[in-house]
Structure formats: C-alpha cells, structure tokens
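> FYI, in my numbering the residues of the sequence shown are 81 to 530.
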Amino acid sequence: MLRSTSVHWHGIFQRGSAWADGAAAITQCPISPNNSFSYEFSAPKQAGTFWYHSHFGTQYCDGLRGPLVVYDPKDPHRLLYDVDDESTIITLSDWYHFPAPSLIPRVIAESTLINGKGRYGGGPKVDLAVVDVQKGRRYRFRLLSLSCEPNYIFSIGGHKLKIIEADGENVLPVIVDSLQIFAGQRYSFVLTANRPVDNYWIRSLPDSGKHGLDQGFEGGLNSAILRYRGAPRVEPSQTKFYPPSKPIFLKETDLHPLLPTRVPGRPFAGGADINFNLALGFDPEKFSYTVNGAYYADPPIPVLLQIMSGARSPQELLPQGAVVTLPKNKVVEISIPGGIIGGAHPFHLHGVWKHSFYVVKSAGNHTRHNYVNPVIRDVTSIGEAGSNTTIRFVTDNPGPWVFHCHIDFHVKMGMAIVFVVDPEKASSSYVPAAWDTLCPSYNDLAPSAT
Ligand code: C2O
Ligand code: CU
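1. Kindly indicate which three-state DSSP category Asn523 falls into: helix, strand or coil?
2. On a Cα-Cα basis, can you pick out the residue from Phe178, Cys485 and Asp212 that is closest to Arg313?
3. Comparing C-alpha positions only, which one of Asp516, Ser288, Val455 and Ala514 sits nearest to Glu245?
4. Determine the DSSP secondary structure at Asp363, reduced to helix, strand or coil.
5. Of the choices Phe356, Val452 and Ala402, whose alpha-carbon is the least far from that of Thr341?
6. Starting from Ser415, follow its DSSP beta bridges and name the residues at the other end.
7. Is any heavy atom of the ligand CU found at a distance shorter than 7 Å from the C-beta of Cys141?
8. Taking Ser446 as part of the beta strand (DSSP E), name the residues at either end of that continuous run.
9. Check the DSSP bridge columns for Lys242 and list the partner residues they point to.
10. Output needed for Pro527: all residues of its chain with C-beta closer than 7 Å, excluding positions within five of it in sequence on either side, in chain order.
11. When you get a sec, list the residues whose CB is within less than 6 Å of any heavy atom of the ligand CU, chain order please.
12. Can you tell me which of Asp458, Leu358, Asn445 and Leu338 puts its alpha carbon nearest to the alpha carbon of Ala465?
13. Just list the residues that DSSP pairs Val206 with in beta bridges.
14. Only counting the same chain, and skipping five residues up and downstream in sequence, which positions put a Cβ closer than 6 Å to that of Arg392?
15. For Gly264, is the classification buried or exposed, using 16 other Cβ atoms within 10 angstroms of its Cβ as the cut-off for buried?
16. Could you give the distance in angstroms between the alpha-carbon of Val412 and the alpha-carbon of Asn355?
17. Looking at Ala496 and His484, is the spacing between their C-beta atoms short of 8 Å?
18. Hey, how far is the Cα of Pro407 from the Cα of Asp353?
19. Measuring only the C-alpha atoms, how far is Arg199 from Arg83?
20. With a cut-off of 8 Å, do at least 3 Cβ pairs link the region 387 to 404 to the region 327 to 339?
21. Is any heavy atom of the ligand C2O found at a distance shorter than 7 Å from the C-beta of His69?
22. Would you say Ala100 touches the ligand PLP, meaning its beta carbon is less than 7 Å from a heavy atom?
23. Starting from the C-beta of Pro417, find all residues in its chain whose C-beta is less than 6 Å away, skip the five residues before and the five after it, and write them out in chain order.
24. Tell me Ala349's beta-bridge partners as DSSP assigns them.
25. Taking DSSP as the reference, what is the three-state secondary structure of Cys109?
26. Secondary structure at Thr530, three-state DSSP: helix, strand or coil?
27. Write down the C-beta distance between Pro181 and Thr138 rounded to the nearest angstrom, noting that I regard them as a contact closer than 8 Å.
28. Would you say Gly463 touches the ligand C2O, meaning its beta carbon is less than 7 Å from a heavy atom?
29. Are there any heavy atoms of the ligand C2O lying less than 7 Å away from the beta-carbon of Val482, as far as the coordinates show?
30. Given a threshold of 16 other Cβ atoms within 10 Å of its Cβ, counted over all protein chains shown, does Gly196 qualify as buried or as exposed?
31. Helix, strand or coil for Glu61? Go by DSSP, reduced to three states.
32. Measuring CB atoms only, is the region 108 to 125 touching the region 171 to 187, in the sense that at least three cross pairs come out at less than 8 Å?
33. Go ahead and pull the three-state DSSP assignment for Leu518.
34. Examine the ligand C2O and report whether any of its heavy atoms sits within less than 7 Å of the Cβ of Gly146.
35. Can you list, in chain order, the residues of its chain whose CB lies under 7 Å from that of Lys154, leaving out five sequence neighbours each side?
36. Identify which residue in Ser97, His90 and His490 has its Cα closest to the Cα of Ser507.
And the structure:
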C-alpha cells in the first residue's frame, strides 16, 4: 500500500530552515505517494551522533529510521581520547510483527534488533549482528536508540564503556559498565579491546515487550556479538562475561559538557525569563494523554503554514490549546513531573539555534538542580512517580517546534505540544517553491494567504 511520508533529522537544529525539519503537520504537509521532496539544511558546529526517521504518524516504528553521523575533522576528543577507529555504529530498535497503527493500545515488541538483526521468542535462530574488534585497539562506538517504545539496558560483557558524547554534545568522559538508553537518545563511548580473544555478548534488554528484562537474552534474544579478530565464529556462552555483579550504571547527573558552558538565565529554579510547568495527564475515556489540559492531534494545516497565513495567537492556532507562542531570545525553563501512566516518557525538543536543552534537573528522586554544568541533550526521560525533570533552552530559532514524548505511540495519543518561537518572524521564513506544492489545496485551506 502506498503511504505518505516525511523525514525528520533528529537533533539537527534547523537554523533558519524550519521548513526542512520534517515534522508532518507542524512544519510541512506530508510527501504524498509517487511525489518527491528535497530537504536542504546546514548543521554548522553540529558534529556527533544523530538520526533520521519518518515523522508522519507512527511510521518510523515500521522501519523508516536510521543513523546520521556528522564527523568533525577537528573533534576536540581527538586530542584527549584518541581512538584507532570510529566507524562502528550500533543501532537498537524494537521489532513488531504487525504494522504500527494497529498496535495501539497494546504495544508489545517481539524483540530488539541490533543493527537490524534479531530473534524473537520461538522464532528461527537467525544470524545476529557481529561487531568486529582487534585486540589492543581503541574504538569509538556510536550507540543509538531508534526505539518507538521500550528503553534498553545496554552493556557489553566484560568491557567498560567510556562515555564521551550524549545526543550530539561532547561530554567529559564517564566510565560505566552499563547504561539505560531511551527512545531517541544517542551515546558515543570508547571501548578498549583489552580482553582475551573471544566472543562477548552485546546486550540490549528492553523494559517492555514480550521478552523484557526478565527473559534477558536467552537464545540470543536482544543481543549481538562483539568478536575479537581470531575468535571462533560462534556465539558466546550464555553465562560467561555477565556485567559485574555490582555494575557501574550511567547516571544522567554524571554527564557534564566537555567544554565549559554557561547555563542561560539566573542560577536558580524559576530563574529563567519564562518559567512554567508542563502538567501531563491521561484521560482514560478518550484513551489520550493531555499536556496542560490539551490533546495534541495533527492539525489539518501544518502549523508553519497557519502562521504564514496570518495566524498569530494561541487562540487562532491549531491544534487548539496545544500550541504555545514564545517571544524571541528568551530563556525558558520547563518543569515536568514524572509518573504519568505509560512509563518514563522520554521528551524531545525540535529546533534551536545554538544548543539543545540543558537538563538542569534530571529525573530521579534524589537529583538536585544543577545550574553550573548540566548535560545538554535533546531527549531526556521524565522518570517515574515522585520525579521531576527541569530543562532550559533559549528561544533563538524562529519557527514552530514540537516538544513531545519520543515513544511514538504516545504522540499519536496526544503527548506533544508545539512551541511557536517568534511567530511574526517565523511567518516570513523562507520556504522553497516545492514546499508549497506539498499542500495540495493550499489556497482552499488558507483563505487569508496572499
Ligand atoms: Cu526524533 Cu520529533 O523526533
Ligand atoms: Cu510517552
């Protein structure tokens, strides 16, 4: 069956190019079947690990997703943590046996795919992904969660992971045995191949789905193989090289920017220009999430086109109640309580000029505000009940930018809000001629357009 699509470049700021952000119903009409559309954008000073995925309905869950790496010839890590090879990419994704739209409300992944390969319970013993290393060498591995739903506990048996990047931002190195990675997040870590020549399990255990944490990686589920050159072409034994019994687990509060940076706004809670709470809710009758009382649903006209057609105020903008307008060059602080049914929702923000958001308070019951050196990233989990997450960002990029849970099924269920930064400026943004033609009845839809 032919379907429409759109492609989002996750983590790329889209400076002055809101039209190329790829969010269907926000920054463009979808690309219809048999049509084509070219995205054009630049990413100055953005080097690191990103990804691309369909941003039309729940389409990326069905496969339109992949890694996007921007290499920096002058990578500041080069001097500090030289590696012999940085070509390895490890993608984690959830695999379903039915098309995504049919999965709601019971979303149950059959398995985890690592670099596109994986097994499901009771299924054939297909080959697993193999990551080759050579003893004595250091590698920069890029780990991406392309997940639509689960988060993963990731580890590589017998090996330490030295984290050096989170979501396209370099961080001071942190050495861990294992980490939790949420939908949309990325990490780079240095792995030193200093263990005996052998095969080792790469494990990615999902928090939900048919074969979650409890059933681990029995029979090679949720796993791949790290293979030293010279090791036999077999699977590791099931039990050898578990992570240590008291593994060091990555905490988001241990991540700090590699280069010193200044958190925008004044250094205390509520010290931004604009401070607000995001109250999340769940309406069991509508089986929908609410954000500050509103349900997000794709508007019939993309928000960018609404603005270009003259709409300016939140009252005029659709979806009703789910659009917030923000003035330009202000510091925004958003505090988000955790514990909303459906898991530790990972929130993602589109569109900034210089930096993604500063996680001034990470989820978790014992974390404090950090206005000195918090991690800067583009997806953070808001955690479980009792938790509060606080982020800051600067409204330095005019355009309509969506802020949403990266569990794609939850967006479909309303868990998103659109920030329109500087509507006046955004209304006169450049769009290529081809962008106009994506919306077939532009003039009928937007009578006030000139
Ligand atoms: Cu990775 Cu709104 O997306
Ligand atoms: Cu969610």
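For every residue, glycine included, the Cβ atom is placed at its ideal position computed from N, Cα and C.
So, to answer that:
1. Along the sequence shown, read from residue 1 onward, the residue named residue 523 stands at position 443. The predicted position of Asn523 is uncertain, since its pLDDT is 45 and thus under 50; no value can be drawn from it.
2. For this step, residue 313 is matched to residue 233 along the sequence shown. Comparing Cα positions, the closest option is Asp212.
3. Numbered from 1 along the sequence shown, position 165 holds the residue referred to as residue 245. Residue Val455 is the option with its Cα nearest to Glu245.
4. Position 283 of the sequence shown, counting from 1, holds the residue named residue 363. The answer is strand: DSSP assigns Asp363 an E or B state.
5. Position 261 of the sequence shown, counted from the first residue, corresponds to residue 341. For Thr341, the nearest C-alpha among the options comes from Val452.
6. Reading the sequence shown from its first residue, position 335 is the one you call residue 415. DSSP output for Ser415 lists Asn357 and Thr470 as bridge partner(s).
7. Indexing the sequence shown from 1 puts residue 141 at position 61. Not under cutoff, so the answer is no.
8. As a position in the sequence shown, residue 446 is number 366, starting the count at 1. In the sequence on display, residue 446 carries His and not Ser. Run containing His446: none; DSSP gives neither H nor E here.
9. The sequence position of residue 242 within the sequence shown is 162, counting from 1. Ile255 and Val270, per the DSSP bridge assignment.
10. For the purposes of this step, residue 527 is identified with residue 447 of the sequence shown, where counting begins at 1. At Pro527 the pLDDT is 40, less than 50, meaning the model places this residue with poor confidence and gives no usable figure here.
11. Gly422, His425, Cys485, Ile487, His490 and Met495
12. The count along the sequence shown starts at 1 and reaches residue 465 at position 385. Of the candidates Asp458, Leu358, Asn445 and Leu338, the one whose C-alpha sits nearest the C-alpha of Ala465 is Asn445.
13. Within the sequence shown, numbered from 1, the residue matching residue 206 stands at position 126. In the DSSP output, where bridge partners are listed per residue, Val206 has none listed.
14. The residue labelled residue 392 in the question sits at position 312 within the sequence shown. Same-chain partners within the cutoff: Pro503.
15. Mapped onto the sequence shown, residue 264 falls at position 184. Buried.
16. In the sequence shown, residue 412 corresponds to position 332, counting from 1. In the sequence shown, residue 355 corresponds to position 275, counting from 1. Distance between the alpha carbons of Val412 and Asn355: 6 Å.
17. Sequence index remark: in the sequence shown, residue 484 carries index 404 (1-based). Sequence index remark: in the sequence shown, residue 496 carries index 416 (1-based). Yes, they are a contact pair.
18. The residue you call residue 407 lines up with position 327 of the sequence shown. The residue you call residue 353 lines up with position 273 of the sequence shown. Distance between the alpha carbons of Pro407 and Asp353: 10 Å.
19. On the sequence shown, residue 199 is found 119 positions in, with the first residue counted as 1. On the sequence shown, residue 83 is found 3 positions in, with the first residue counted as 1. Each residue's alpha carbon lies about 28 Å from the other.
20. no
21. What is shown of the chain runs 81 to 530, which leaves residue 69 out entirely.
22. You won't find the ligand PLP in this model; what it holds is the ligand C2O and the ligand CU.
23. Translated into the one-based positions of the sequence shown, residue 417 becomes position 337. The answer, listed in chain order, is Asn468.
24. Numbered from its first residue, the sequence shown carries residue 349 at position 269. Ala349 is not bridged to any residue.
25. On the sequence shown, residue 109 is found 29 positions in, with the first residue counted as 1. Here Cys109 sits in coil by DSSP.
26. Taking the sequence shown and counting its residues from 1, the one referred to as residue 530 is at position 450. Because the pLDDT at Thr530 is just 33, under 50, the model does not fix this residue reliably, and the value given afterwards should be weighed accordingly. Coil at Thr530, not helix or strand.
27. One-based indexing of the sequence shown puts residue 181 at position 101. One-based indexing of the sequence shown puts residue 138 at position 58. Right, the Cβ-Cβ distance comes to about 6 Å (below 8 Å), so this counts as a contact.
28. Mapped onto the sequence shown, residue 463 falls at position 383. Gly463: no, Cβ never under 7 Å from the ligand C2O.
29. Taking the sequence shown and counting its residues from 1, one reaches residue 482 at position 402. Because some heavy atom of the ligand C2O lies under 7 Å away, the Cβ of Val482 counts as near it: yes.
30. Translated into positions along the sequence shown, residue 196 becomes position 116. Burial call: exposed.
31. Limits of the chain in this structure are 81 at one end and 530 at the other, which puts residue 61 out of reach.
32. no
33. Walking along the sequence shown from the start, residue 518 turns up at place 438. Residue state, collapsed to three classes: helix.
34. Here the question's residue 146 lines up with position 66 in the sequence shown. No; taking the cut-off as 7 Å, the Cβ of Gly146 has no heavy atom of the ligand C2O nearer than that.
35. As a first step, residue 154 must be located in the sequence shown, where it is residue number 74. Cβ neighbours of Lys154 beyond the five flanking positions: none.
36. The count along the sequence shown starts at 1 and reaches residue 507 at position 427. Selected option, being the one with the closest Cα: Ser97.
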